[in-house]
Structures are given as C-alpha cells and as structure tokens.
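Visitor: To start, I am sharing the structure in question, which I have written as structure tokens.
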Amino acid sequence: MRYLGLRFLQSIFVLLGVSLLSFIFLELAPGDFFDEIRLNPQISGATVTNLRKQYGLDQPLPRRYVRWVNSAARGQLGFSFAYNAPVAPLLWARSRNTLLLTGSATILAWLIALPLGIMSAARRHGWIHHLCALLTSTLLATPDLLLALGFLFLAVHFHWFHAGGMFSREGAAEGTWAQSKDLAAHLVLPVAVLVLGSLPILLRHTRAAMLEVLDSAYVRAARGHGISRWRILFRHALPAAINPLVSLFGFSLGSLLSASLLTEVVMSWPGLGPLLLEAVLARDIYVVIGAVVFSTLFLVLGTLVADVLLFAADPRIRGTGIRTTAIRTKGLA
Amino acid sequence: MAILLVCLGGLHLAVLTAGFLSPYDVAQQDRELPFAPPTRIHFIDGQGITRWRPFVCLLAEDPGQFGVYHEDIQKCFPIRFLVKGTSYRWGGVFESSRHLFGVDPPARLFLMGTDGFGRDLFSRFLYGGQISLSAGLLASLLSLALGTLLGMASGFYGGWLDAAIMRFGELFIALPWLYLLFALRAFLPLNVSPARAFLLLIAVIGTVGWARPARLIRGVVLSGKKQHYVLAARIFGGSGVYVMRRHILPQTYSIIVTQAVLLVPQYILAEVTLSFLGLGVGEPVPSWGNMLASLQQYHVMVSYWWMLLPGIALVPVFLGYVLLANVLRVPGHVRV
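In the order they appear, the protein sequences are chains A and B.
Its first residue numbered 1, the first sequence is counted upward by one per residue in this note's numbering.
Its first residue numbered 1001, the second sequence is counted upward by one per residue in this note's numbering.
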C-alpha cells in the first residue's frame, strides 16, 4: 500500500511539473490570443488592454500560475478565450470520446497481440512467426498518418463503414440500440488505424518476453517432466512473462494517445485532437495547457493501473516494495 | 546490411540531388493541368509498333469537365535523358540546367501526377525530402547533442545535478510526444516564413526528445566512469572535462548511433505530422507533410488517388530505417 501511495504522490508531482513547464514556455512565447483581436480596426487598443486585464494576462507569471492551480483545484483548469468558458468541462466532453477511441483500440490491440505474440514465440520458426515478422516490419514502416489517410481513402472509395465523425446526421438513428450501432460503425475506421499502429510494438514485446521465459531453465525442466505444451505455455510461461507486458500496457498508452490525436484530426473524430489543434492555431493557451495536462493525467492513470495490475500479478514486487519504474516512450524497435 | 545501407544511402542521395533527378521546378505551375493523373508511359505507338524509346502523349483536358483528361495518341513525345530544363544548383553552388530525364514541351512527364496548381508531385516529393530528411537529421543531431551533454553531466557528476536533470527528463518522457510537440509549437509564432518555420520546427522537435538518449548515455557513463583506465586517468590528474571527452565519450558512440537510427525516422514523422496539420513548413516550399495536407479536403481524397502517392513513397524510407534498427540490435552487428 505504501508503494502505491508513493506512486500516487509521484504522479501528482509529474502533473504539477508538466503544468509549470507549460507555463514557463508560455511566458517565453511572444504574442497571445488578443494579438489577433488587436489587428481588428474596429476594436480599440484600450478594449484589448481591458480584455487582457479581465483575463489576467497582464499579471506576472508566478501569480498567474498560482491562479491557474487554484482554478485547477476547483476543477476548471483556467478559462478558454475562444470558447469563453472554463476549460475543464470543454476538455472533459471531448476526452470522453478520445477515451472511448483509445480504450477500444487498446483492448482490441492486446486481444490480437497476445495470442499472436505467444504463438509466434511458441513456434519460433513457424509460419505464424514469419507472418508476424512481416506484419510488424511493414506496420512499423507505415506512419500512422498514412494508415489513417489510406483507410479513409479506401472507405470513401468503396463506401465501407462511415468515414468521419462520430454519429450520422442527427435523427438518422433513433433509439439507444440504433445509436450504438451507428457509433460502432463510425468507430471501426479510427480504431483499426490505432490498432494497426500500436500492434507491431506490442507484438514484438510479447514475443520477446515469452521467448525469454521459454528459454529459461525451469521451462526446460517442465518440458523434461513431460508437461504438455499448452500447459507450459499458459500455466508456466505466460504468468512469468506478463510482468514487462503489464508495464508496457501503461507506457503504450502514451504513444496511443499521440496516434489518436492525429487519427482524430484526420477522421474528424470529435476528441481532444481537433480541439487541441484549433486551440494551437488560435493561441488559446489555457486549452493547450489543459489538454496537455489531461493527456498526462491519462498517462499517469494508465501507469498507475499498470502498477496495481503488476502488484496483483507479480509476487516479486509485492515482496520487495518499491520498484524503480523505468518509464519508456514509444521506441521504434 | 550492406545492401540496406546502399538502399538507404541511395534514397538520401536521390533527395540530395533532387534538382538533377526531378524534371521540373517545385514552383513551376501548369495552370492548364491541375490534378493531372500520373503520365502514362507508352512503348507501343498508334500503329501497334514497339518503339525502342518509351514515349508519352500530349495530355488535354476534356472540354467542359474540370480535371478530366484524355491522351492525344497522335501527338507523341519521346522521353529524353539529360535534357535541358529549368536551372538549379548542385548543392547550392554549381548552376546547371541538365535534368536526368524529361520530355520536350508542350508534352509533360508527371511521374506522380500533379496537384491542384498543376505542379509536378514527383519533383515536389524529391525536393520535399530535402526539407523533411534534413529536419529529421538536424533535429536528431540536436536531440543527441543535448542528450549527450546532459546525460554525461548527469552521470559523471551525480548528486543533485543528476537528480535535477533526471527528474526534468522524466517530465518530458511522461508526456505523449505529439501533445508535447503541439504544446511547444503553440507557444511559438504561427505565421512565419518557411525558412524560419523550418528552424523552429527543428528546435521544437529536437528539444522534445532529448530525455531518452540522455537516460541511456547516463547509464553508460555511470558504468564507464568506474572503468580502471578512467580511474587511472583521473589519478594522473586529468580534469573532469578532459576525462569525459577523451575516455568516456567514446564509450557512448554505439548508443548514440543506435539512438540516431531510432530518432531520425521518428523526427521525420514528427515533421511530416506537424506540416500536415499546418503547424510546420508551409507553402510554397514543399515538404512531405504539407504535400499530404490537401488530402484533408474531401474532394481531393475522393477524386485524385495519386495525391496519396507521396505518402506511400514514404514507406521505403521508414522501412529502411526500421530494418537498419533491426540489424543493429543483433549482437555482433553493433558496429557500423
């Protein structure tokens, strides 16, 4: 329990650090949201100054940061200039869609990667392995952007599924069942992109973790005892190999969030991606900071969940207490 | 390994000599031929006779229909090599106007078709590679330099400096990279000239990724500074900086090289992504990212499939780097 508490504290520090870092960069940046307004000849300079005052942009950085933390504690995360509303509710509505997308993609990707990875490790030179190797190399070399564009292109050409958006036109589907069917049809393409994008890394790690365990002495001993192949794979090898995979689950969320950002923009899925892009283009700084903090929050939560899972799955960790977590980002190999 | 390096090297060389290999200038517009499909290269002429020299036919727009073309099979123009065309500079120095291949006007040779302004996509792809590849390479250089500097300082001096640098690095690693990239980009000016945007882009992408190499290099330094010959050098009175440069830095070379192989494609992709979203290098300068940007328009996506070609042409580049990374990971192949 102490271990989890420490991890939790650490996460809060990460969040604070990220927000502080964003603020410092913000201070270094030239210009703000009201620069665009200033160009409008119908709005006087005094109005702009007043507006800046009203939004607190004329105050020094430390005070603004304290104000922002205050507002974050109240669950507002600052104020959006463009939407003229608190940031948190805006982000929350969008991030539910992002979570739906990434959540389904994660589940599906693992459901595909685990069996494939295990099988390709079990038969080291079998056709499954060669298929997987080909698949991972090709997918690794295909940028997410191209995957998204390619799927969209195919969908538009062959009228597969529903390309773009989250629901069909309003009123096209009535009732909960019809609506969820509509939603599922819209989910197919972006989820496919995300799954294919994250699959190669998951596959590789699954295979590597399984191979490492399968080469160990106790598995050879078990084989010598005449224990069946399947039992060795799933009863003896898999639980031992699951440890790095659970950590990977936490880390892979980060790259998945990035990929989802892009996919959302390309497929006009109403998630955090389009909102963030608009905010960047409009210099709606607090929305940008809010989105970054939100994504960090997801990542931190994902790592926490992975830690809890590890705690449950691996008796070695329960025994030793604090584990130094090596946080890795998306590696290409 | 050798074949791989030759292929990758060839790709980079092709991009470097874009002026020679591309038949047209990047800014050259054919207002008569917007969204022309890739030009068909013929070997058999109208009479059914096989010509020894491949040829193309004059393209004409169908009357009354925008962007629909037919070939005029009567008007044939052979493909010539080393033709004279618009002038360019070899590596920015020697001026030349020879192109590897081309056809005599009024015919046009568009290997990948044209975009909405009638600009040759193939030429733009080659020139765009100059931006994208150099952005990837320079940004990795920046990242690795930062990472090496901070990682070595962190590992060598230890103590509070180590703790500070590593905690700071964890913040960078904790964030999803595209969000971080967006955030950094958000704080920089939006409407800048392509040249400045290019430099900004390199700075942004390069800064985002310093933490991972720094961690790895710190690890090498930690074990490296306990090596006997390093200790000996210190005892003989070598200063910290001297020992680091002379004895510890060489130990990190293999890490730096493998990291570069991982970072370069990632950063090329980062450039492509940002330019695609309109946050990177802008028109009229071509880059692999902004060439794909027009696909965000529905009618382009529906009607003109060849606009996807520059994207598909990216795959060999990334494949080369991925395979290289694979090969380098294999024990015994660590040397380059």
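Where is the CB? At the ideal position from N, CA and C, for every residue including glycine.
Contact defined as beta carbons within less than 8 Å: I believe Leu1033 of chain B pairs with Gly1118 of chain B. What is the distance between those atoms, to the nearest angstrom?
Guide: By one-based count along the second sequence, residue 1033 of chain B stands at place 33. By one-based count along the second sequence, residue 1118 of chain B stands at place 118. Confirmed, Cβ separation roughly 5 Å.
Visitor: Once DSSP output is grouped into helix, strand and coil, what is the label at Pro1078 of chain B?
Guide: As a first step, residue 1078 of chain B must be located in the second sequence, where it is residue number 78. Of the three classes helix, strand and coil, the one that applies to Pro1078 of chain B here is strand, per DSSP.
Visitor: Leu1184 of chain B bridges to which residues according to DSSP?
Guide: Taking the first residue of the second sequence as position 1, residue 1184 of chain B is located at position 184. For Leu1184 of chain B, which the question treats as bridged, DSSP gives no partner whatsoever.
Visitor: Taking the straight line between their C-alpha atoms, what separation do you get for Ala333 of chain A and Lys1084 of chain B?
Guide: One-based indexing of the first sequence puts residue 333 of chain A at position 333. One-based indexing of the second sequence puts residue 1084 of chain B at position 84. Because Ala333 of chain A carries a pLDDT of 29, less than 50, the predicted location of this residue cannot be relied on, and no value is offered for it.
Visitor: Apart from the five residues just before and just after Phe294 of chain A, which ones in its own chain have a Cβ nearer than 6 Å to its Cβ?
Guide: In the first sequence, the residue the question calls residue 294 of chain A occupies position 294. Only Leu91 and Ser95 meet the Cβ criterion.
Visitor: In this structure, how does DSSP classify Asp1162 of chain B when only helix, strand and coil are distinguished?
Guide: One-based indexing of the second sequence puts residue 1162 of chain B at position 162. In this structure, Asp1162 of chain B counts as helix in the three-state DSSP scheme.
Visitor: Counting only the same chain and skipping the five closest in sequence on each side, list residues whose C-beta sits under 8 Å from that of Ala1325 of chain B.
Guide: Here residue 1325 of chain B refers to the residue found at position 325 of the second sequence. Cβ neighbours of Ala1325 of chain B beyond the five flanking positions: Thr1258, Val1261 and Leu1262.
Visitor: Contact between the stretch 237–250 of chain A and the stretch 276–292 of chain A: three or more CB pairs below 8 Å?
Guide: No, the stretch 237–250 of chain A is not in contact with the stretch 276–292 of chain A.
Visitor: State the DSSP-derived secondary structure class of Leu1138 of chain B, mapped to helix, strand or coil.
Guide: Position 138 of the second sequence, counting from 1, holds the residue named residue 1138 of chain B. Three-state DSSP puts Leu1138 of chain B in a helix.
Visitor: When the Cα of Leu16 of chain A is compared with those of B:Gln1130, B:Leu1171, B:Gln1297 and B:Gly1238, which residue comes out closest?
Guide: Taking the first sequence and counting its residues from 1, one reaches residue 16 of chain A at position 16. Out of B:Gln1130, B:Leu1171, B:Gln1297 and B:Gly1238, B:Leu1171 has the C-alpha closest to the C-alpha of Leu16 of chain A.
Visitor: Taking only beta-carbon atoms, is Tyr1179 of chain B less than 8 Å away from chain A?
Guide: Sequence index remark: in the second sequence, residue 1179 of chain B carries index 179 (1-based). At least one chain A Cβ lies under 8 Å of Tyr1179 of chain B.
Visitor: Counting only C-beta atoms, is Arg283 of chain A closer than 8 Å to chain B at any point?
Guide: Position 283 of the first sequence holds residue 283 of chain A. Taking Cβ atoms only, chain B reaches closer than 8 Å to Arg283 of chain A, which makes this a yes.
Visitor: For His942 of chain B, name the three-state secondary structure that DSSP assigns.
Guide: One cannot answer for residue 942 of chain B here, as it falls past the ends of chain B, which runs 1001 to 1336.
Visitor: For Leu276 of chain A, I'd like the list of residues in its chain whose CB is within less than 8 Å of its CB, leaving aside the five on either flank, ordered along the chain.
Guide: Numbered from its first residue, the first sequence carries residue 276 of chain A at position 276. Cβ neighbours of Leu276 of chain A beyond the five flanking positions: Leu261, Val287, Val288 and Ala291.
Visitor: In this structure, how does DSSP classify Ala333 of chain A when only helix, strand and coil are distinguished?
Guide: Reading the first sequence from its first residue, position 333 is the one you call residue 333 of chain A. Unreliable placement is indicated for Ala333 of chain A, whose pLDDT of 29 sits below 50; no coordinate value is reported for it.
Visitor: Taking the straight line between their C-alpha atoms, what separation do you get for Gly1311 of chain B and Val265 of chain A?
Guide: Within the second sequence, residue 1311 of chain B is the residue found at index 311, counting from 1. Within the first sequence, residue 265 of chain A is the residue found at index 265, counting from 1. Cα to Cα, Gly1311 of chain B sits roughly 17 Å from Val265 of chain A.
Visitor: How would you call Lys1226 of chain B, buried or exposed, if buried means at least 16 neighbouring beta carbons within 10 angstroms?
Guide: Taking the second sequence and counting its residues from 1, the one referred to as residue 1226 of chain B is at position 226. Label assigned to Lys1226 of chain B: exposed.
Visitor: Take Ser1097 of chain B and list the residues in its own chain whose beta-carbon comes closer than 8 Å to its own, dropping the five residues that flank it on each side.
Guide: Here residue 1097 of chain B refers to the residue found at position 97 when the second sequence is read from its first residue. Cβ neighbours of Ser1097 of chain B beyond the five flanking positions: Lys1084, Gly1085, Thr1086, Ser1087 and Tyr1088.
Visitor: Per DSSP, what kind of secondary structure is His1012 of chain B in: helix, strand or coil?
Guide: Taking the second sequence and counting its residues from 1, the one referred to as residue 1012 of chain B is at position 12. Here His1012 of chain B sits in helix by DSSP.
Visitor: Consult DSSP for Gly254 of chain A and reduce its assignment to one of helix, strand or coil.
Guide: Sequence index remark: in the first sequence, residue 254 of chain A carries index 254 (1-based). In the structure shown, Gly254 of chain A sits in a helix (DSSP, three-state: H, G or I).
Visitor: Contact check, Thr98 of chain A vs Ala1174 of chain B under 8 Å by CB: the rounded distance?
Guide: By 1-based counting over the first sequence, the position of residue 98 of chain A is 98. By 1-based counting over the second sequence, the position of residue 1174 of chain B is 174. That pair is no contact at about 18 Å.
Visitor: Is the Cβ of Ala82 of chain A closer than 8 Å to any Cβ of chain B?
Guide: Within the first sequence, numbered from 1, the residue matching residue 82 of chain A stands at position 82. Answer no: the Cβ-Cβ gap between Ala82 of chain A and chain B never drops below 8 Å.
Visitor: Can Thr206 of chain A and Ala113 of chain A be called in contact, C-beta distance under 8 Å?
Guide: If you number the first sequence from 1, residue 206 of chain A lands on position 206. If you number the first sequence from 1, residue 113 of chain A lands on position 113. In contact: Thr206 of chain A and Ala113 of chain A (Cβ atoms closer than 8 Å).
Visitor: With 8 Å as the threshold, decide whether the Cβ of Val1015 of chain B is near any Cβ in chain A.
Guide: The sequence position of residue 1015 of chain B within the second sequence is 15, counting from 1. Answer no: the Cβ-Cβ gap between Val1015 of chain B and chain A never drops below 8 Å.
Visitor: With 8 Å set as the bound, which would you pick, yes or no: does the beta-carbon of Pro89 of chain A sit closer than that to a beta-carbon of chain B?
Guide: Taking the first sequence and counting its residues from 1, the one referred to as residue 89 of chain A is at position 89. Closer than 8 Å: no.
Visitor: May I ask which residues mark the beginning and end of the beta strand (DSSP E) holding Phe1055 of chain B?
Guide: Position 55 of the second sequence, counting from 1, holds the residue named residue 1055 of chain B. From DSSP, the beta strand (DSSP E) with Phe1055 of chain B extends over Thr1050 to Glu1061.
Visitor: Along the stretch 1311–1324 of chain B, where does the CB come closer than 9 Å to a CB of chain A? Name the residues.
Guide: Answer in chain order: Gly1311, Ile1312, Leu1314, Val1315, Pro1316, Val1317, Phe1318, Leu1319, Gly1320, Tyr1321, Val1322 and Leu1323.
Visitor: Starting from Ser252 of chain A, find everything on chain B with Cβ-Cβ shorter than 7 Å and list it in chain order.
Guide: Position 252 of the first sequence, counted from the first residue, corresponds to residue 252 of chain A. Near Ser252 of chain A there are no residues of chain B at all, since even the closest Cβ is about 11 Å away, more than 7 Å.
Visitor: Is any heavy atom in the ligand HEM found nearer than 7 Å to the beta carbon of Phe1125 of chain B?
Guide: The ligand HEM is absent from the structure shown, which contains no ligand whatsoever.
Visitor: Going by the DSSP bridge assignment, what does Val1103 of chain B pair with across the sheet?
Guide: Start at 1 with the first residue of the second sequence, and residue 1103 of chain B comes out as number 103. Answer by DSSP bridge pairing, in chain order: B:Ile1079.
Visitor: Please confirm whether Val1301 of chain B has its beta-carbon closer than 8 Å to some beta-carbon of chain A.
Guide: As a first step, residue 1301 of chain B is located in the second sequence; it is residue number 301 there, counting from the start. Checking the sequence, you will find Met at residue 1301 of chain B rather than Val. Chain A, which has a Cβ nearer than 8 Å to the Cβ of Met1301 of chain B, makes this yes.
Visitor: Residues of the stretch 1164–1193 of chain B with a CB closer than 9 Å to any CB of chain A: list them in chain order, please.
Guide: Hits within the stretch, in order: Arg1167, Phe1168, Glu1170, Leu1171, Phe1172, Ile1173, Ala1174, Leu1175, Pro1176, Trp1177, Leu1178, Tyr1179, Leu1180, Leu1181, Phe1182, Ala1183, Leu1184, Arg1185, Ala1186, Phe1187, Leu1188, Pro1189 and Leu1190.
Visitor: Does the beta carbon of Gly197 of chain A come closer than 8 Å to any beta carbon on chain B?
Guide: Taking the first sequence and counting its residues from 1, one reaches residue 197 of chain A at position 197. It does not: the Cβ of Gly197 of chain A has no partner Cβ on chain B nearer than 8 Å.
Visitor: Quick check: is the beta carbon of Val1241 of chain B nearer than 8 Å to any beta carbon in chain A?
Guide: The residue you call residue 1241 of chain B lines up with position 241 of the second sequence. Chain A, which has no Cβ nearer than 8 Å to the Cβ of Val1241 of chain B, makes this no.
Visitor: Checking contacts by CB at 8 Å: is Leu154 of chain A closer than that to chain B?
Guide: What you label residue 154 of chain A is simply residue 154 of the first sequence in a count that begins at 1. It does not; no Cβ of chain B falls within 8 Å.
Visitor: Quick one: measure Cβ to Cβ for Leu1200 of chain B and Leu1188 of chain B, integer angstroms, because I've assumed they're closer than 8 Å.
Guide: By 1-based counting over the second sequence, the position of residue 1200 of chain B is 200. By 1-based counting over the second sequence, the position of residue 1188 of chain B is 188. Correct: roughly 5 Å between the Cβ atoms.
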